[in-house]
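Enquirer:
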Amino acid sequence: MKNTLLIYNSLTRKKEVFQSRCSGEVSMYVCGLTTQDHLHLGHAKAFVTFDVIRRTLEYFGNKVTYLTNFTDIDDKIIAKAKNLGEHPQFLAERYIESYFEDVKALNIKPASFYPRASAHLPEIIEMVEVLMNKGFAYEVGGDVYFRVREFPAYGALSGQSLDELKSGARIEPNETKEDALDFALWKSAKPSEPYWNSPWGPGRPGWHIECSAMNLKYLGMGFDIHGGGHDLLFPHHENEIAQSEAYSGQTPYARYFMHAGLFNLRESKMSKSVGNVISLKKVMEIYDPMVVRITLLKSHYSSPMDFYPELLDEGAEALLKLKDFYYHFKMMINQGSNAEHTEDQGIIKTLDSFVTRFQEHLADDFNYAGSLGMLFQLLNDLNQIKGGSKLILGKAMEEIVLALEILGLKVEEDKEVRKIIEMILSYRQDIRKNGKYDEADQIRSSLMDLGLIIQDSPYGTRFYRNTKRNNIR
RNA sequence: GGCGAGGUAGCCAAGUGGCCUAAGGCGGCGGUCUGCAAAAUCGCUAUCCGCCGGUUCAAAUCCGGCCCUCGCCUCCA
């Protein structure tokens with residue numbers, strides 16, 4: 007693609023022209039899950055965002071290496087496992103499984119690798135040792151801390167000086183640290199806690215070091231895009247930069263930092279600690295997972311999103327519109343003629359304009375909300391045409407399918423079940439021809455009770471699954 | 001206190017100097033089409049982009065001031 011791709015880079019707080027480390031290849035890392043619970047809508051927002059970013063980069067002709075991690079060593083996991091009388095690794099494993107179920111339902115493309123913190127202890131320990139040798143870290147009673155004052159660029163990402171950070175400090179006083187802002191690279195194990203052996207005694211890695219260690223191992227310094235939720239900007243990403251650049255002596259750690267806006271529930275961020283979480287699995291019991299996806303796609307990735315009661319219903323209606331068009335248009339093509347049609351030239355023009363605008367929005371900092379708007383605009387335009395040649399209508403369909411693919415929206419489902427329903431509908435069509443409307447309406451109503459939408463049209467009867475399960479009567 | 005984001009129709013939301021007398025989604029009202037239903041379609045639903053000034057031939061978009069909302073600074077996607 008010849009589009010110049012712009013990316014808002016949190017490092018410079020500006021949109022920049024994207025240039026990857028190697029032309030045609032993009033390496034990206036997305037801070038993944040701390041495996042302590044099921045996913046909620048906030049996770050979905052971040053993960054869907056970076057999935058579309060990845061798909062867009064691929065669409066623009068890049069080969070993308072996409073990493074997302076599991077932080078499966080963590081204080082909360084340990085605490086929760088202890089509560090349940092379960093081994094922390096088992097607990098982590100359950101949530102990893104749950105994660106895979108959810109991201110699959112959301113049609114998030116698989117990552118190239120899913121590195122786990124627990125599988126990278128040697129790399130982590132090596133990093134900490136080097137940081138100590140270079141004077142960037144110190145040990146106190148089995149704990150190792152990063153010495154933030156030794157790293158002059160500390161605070162660059164969050165736009166804060168050390169003193170500013172300190173004055174806002176809600177940091178627990180800790181006598182053992184040289185500076186309140188120093189953060190843990192290694193934590194000594196308390197009795198009965200799981201541990202790994204290290205030069206500083208039994209313990210476990212601190213929170214931030216695992217991302218650095220895995221990134222440096224798989225992607226190397228200066229990889230292209232580092233993503234995550236906006237809540238990770240400080241301290242997590244700030245600390246990652248400090249420890250990675252201090253360790254390697256090179257800069258930058260990552261060329262572009264990108265942050266997805268947070269999902270808020272009634273004015274407070276949806277996070278574990280506040281407890282106002284909407285479980286993704288619960289939402290997906292009620293709505294088609296694609297409802298979640300299209301809802302998240304309706305606003306800019308970097309904007310925060312507020313939850314309100316109608317939010318998902320609106321997405322459900324929007325998805326229905328997409329599905330209805332898809333099946334309607336398919337029938338129209340099937341019954342189209344190969345002959346040229348008076349509308350053909352107009353359709354070509356409409357398509358060209360759509361493709362241009364769709365791409366322009368994506369190329370401008372992945373404005374998928376704008377692109378989705380263009381797609382709906384195209385649907386409205388195509389609904390107005392009286393017909394077209396099979397060839398041109400087919401081309402339009404190809405563009406739509408491609409657009410849906412980039413946005414990761416699946417509208418077609420279960421081919422097997424479709425055959426059975428087609429048989430039923432063909433019977434219904436016969437009796438309709440004979441004027442037996444009461445029975446035909448009865449069949450339609452029964453199918454709708456099963457969660458199907460049935461639409462009679464001059465092209466035949468189309469059907470697809472409803473997007474909201476409690477619409478099922 | 002510091003840093004950041006934002007205020008666009010009934011709701012959500014894109015647009016950030018002229019293509020804007022402002023996309024798109026949801027909703028509402030009226031018409032067309034239809035065996036019915038639904039979908040679709042047509043018309044109407046912001047003469048205006050938080051407020052006040054300024055710059056400019058031209059501003060929702062730039063500058064200054066004010067008001068308000070949200071997030072981060074503590075574990076979090």
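In terms of the working numbering, the first sequence is residues 7 to 479.
The beta carbon of each residue, even a glycine, is placed where N, CA and C say it ideally should be.
Which same chain residues end up closer than 6 Å to Ser254 when comparing Cβ atoms and leaving out the 5 residues on each side of it in sequence?
Expert: Reading the first sequence from its first residue, position 248 is the one you call residue 254. Cβ neighbours of Ser254 beyond the five flanking positions: Met227.
Enquirer: Could you check whether Met338 and Tyr470 sit closer than 7 Å to each other, using their CB atoms as the reference points?
Expert: By one-based count along the first sequence, residue 470 stands at place 464. By one-based count along the first sequence, residue 338 stands at place 332. No, they are not a contact pair.
Enquirer: Could you tell me if Cys28 is buried or exposed, where buried requires 16 or more neighbouring beta carbons within 10 angstroms of its beta carbon?
Expert: For this step, residue 28 is matched to residue 22 along the first sequence. Exposed is the call here.
Enquirer: Hey, how far is the Cα of Pro220 from the Cα of Thr55?
Expert: Here residue 220 refers to the residue found at position 214 when the first sequence is read from its first residue. Here residue 55 refers to the residue found at position 49 when the first sequence is read from its first residue. It should be noted that the sequence gives Met, not Pro, for residue 220. Going by the C-alpha atoms only, they are around 22 Å apart.
Enquirer: Look at the alpha carbon of Asp420 and the alpha carbon of Ala345, and state the distance between them as a whole number of angstroms.
Expert: In the first sequence, counting from the first residue as 1, residue 420 sits at position 414. In the first sequence, counting from the first residue as 1, residue 345 sits at position 339. In a straight line, the C-alpha of Asp420 is about 33 Å away from that of Ala345.
Enquirer: Could you tell me the alpha carbon to alpha carbon distance between Pro116 and Arg438, rounded to whole angstroms?
Expert: By one-based count along the first sequence, residue 116 stands at place 110. By one-based count along the first sequence, residue 438 stands at place 432. Rounded to the nearest angstrom, the two C-alpha atoms are 46 Å apart.
Enquirer: Phe76 and Thr41 look like a contact to me (Cβ under 8 Å); what is the Cβ gap, rounded to whole Å?
Expert: Looking up residue 76 in the first sequence gives position 70. Looking up residue 41 in the first sequence gives position 35. Contact holds; Cβ gap of about 5 Å.
Enquirer: Which partner residues of His46 appear in the DSSP bridge assignment?
Expert: As a working note, residue 46 is residue 40 in the first sequence. Partner(s): Ser285.
Enquirer: Please return the same chain residues whose Cβ sits closer than 8 Å to the Cβ of Leu357, not counting the five positions on each side in sequence.
Expert: To locate residue 357, count along the first sequence from 1; it is residue 351. Excluding residues within five positions, the ones whose Cβ falls inside 8 Å are Leu384, Lys401, Ala402, Glu405.
Enquirer: Per DSSP, Ser463 is paired with what?
Expert: If you number the first sequence from 1, residue 463 lands on position 457. Bridge partners of Ser463: Gly466.
Enquirer: Span of the beta strand (DSSP E) holding Leu12?
Expert: Stepping through the first sequence from its first residue, residue 12 is reached at position 6. Segment 12-15, the beta strand (DSSP E) holding Leu12.
Enquirer: Hey, His236 and Leu268: beta-carbon distance below 7 Å or not?
Expert: Position 230 of the first sequence, counted from the start, is the residue given in the question as residue 236. Position 262 of the first sequence, counted from the start, is the residue given in the question as residue 268. A contact, by the Cβ cut-off of 7 Å.
Enquirer: Would you mind reading off the limits of the beta strand (DSSP E) that contains Leu271?
Expert: On the first sequence, position 265 is the one that residue 271 refers to. Unbroken beta strand (DSSP E) run through Leu271: 269-271.
Enquirer: Buried or exposed for Pro121, please, with buried defined as at least 16 other CB atoms from any protein chain shown within 10 angstroms of its CB.
Expert: In the first sequence, residue 121 corresponds to position 115, counting from 1. With 16 or more Cβ atoms within 10 Å of its Cβ, Pro121 is classed as buried.
Enquirer: Three-state secondary structure (DSSP) at Leu73?
Expert: The count along the first sequence starts at 1 and reaches residue 73 at position 67. Looking at Leu73 - three-state DSSP - the assignment turns out to be strand.
Enquirer: Whose C-beta lies closer than 7 Å to the C-beta of His214 among residues of the same chain, with five residues either side of it excluded?
Expert: For the purposes of this step, residue 214 is identified with residue 208 of the first sequence, where counting begins at 1. Once the five neighbours on either side are set aside, the close Cβ partners of His214 are Phe189, His242, Asn245, Glu246, Gln249.
Enquirer: Using a threshold of 7 Å, state whether the C-beta atoms of Ala260 and Val297 are closer than that.
Expert: Against the first sequence, residue 260 aligns to sequence position 254. Against the first sequence, residue 297 aligns to sequence position 291. Going by C-beta atoms, Ala260 is not nearer than 7 Å to Val297.
Enquirer: Rounded to a whole number of angstroms, what is the C-alpha to C-alpha distance between Lys336 and Phe53?
Expert: Stepping through the first sequence from its first residue, residue 336 is reached at position 330. Stepping through the first sequence from its first residue, residue 53 is reached at position 47. When rounded, the distance between both Cα atoms is 31 Å.
Enquirer: Whole angstroms is fine: what's the gap from Leu3's alpha carbon to Leu45's?
Expert: Because residue 3 is not part of the residues shown, which for the chain are 7 to 479, the question remains open.
Enquirer: Can Ala98 and Asp81 be called in contact, C-beta distance under 7 Å?
Expert: Along the first sequence, read from residue 1 onward, the residue named residue 98 stands at position 92. Along the first sequence, read from residue 1 onward, the residue named residue 81 stands at position 75. No, Cβ-Cβ distance for Ala98 and Asp81 is not below 7 Å.
Enquirer: Would you call the segment 318-334 and the segment 135-146 in contact, with 3 or more CB pairs under 8 Å?
Expert: At 8 Å Cβ cutoff, the stretches do not touch.
Enquirer: Alpha carbons only, please: which of Asp149, Glu216, Pro205 is nearest the one belonging to Glu184?
Expert: Numbered from 1 along the first sequence, position 178 holds the residue referred to as residue 184. That would be Asp149, whose Cα lies nearest to the Cα of Glu184.
Enquirer: Classify Glu273: buried if its beta carbon has 16 or more other beta carbons within 10 angstroms, exposed otherwise.
Expert: As a first step, residue 273 is located in the first sequence; it is residue number 267 there, counting from the start. Unreliable placement is indicated for Glu273, whose pLDDT of 48 sits below 50; the coordinate value is still reported in the next sentence. With fewer than 16 other Cβ atoms within 10 Å, it is exposed.
Enquirer: Note the first and the last residue of the continuous beta strand (DSSP E) segment covering Leu39.
Expert: For this step, residue 39 is matched to residue 33 along the first sequence. Segment 31-40, the beta strand (DSSP E) holding Leu39.
Enquirer: How big is the Cα-Cα spacing for Leu171 and Lys196?
Expert: Residue mapping note: residue 171 aligns to position 165 of the first sequence, counting from 1. Residue mapping note: residue 196 aligns to position 190 of the first sequence, counting from 1. Each residue's alpha carbon lies about 30 Å from the other.
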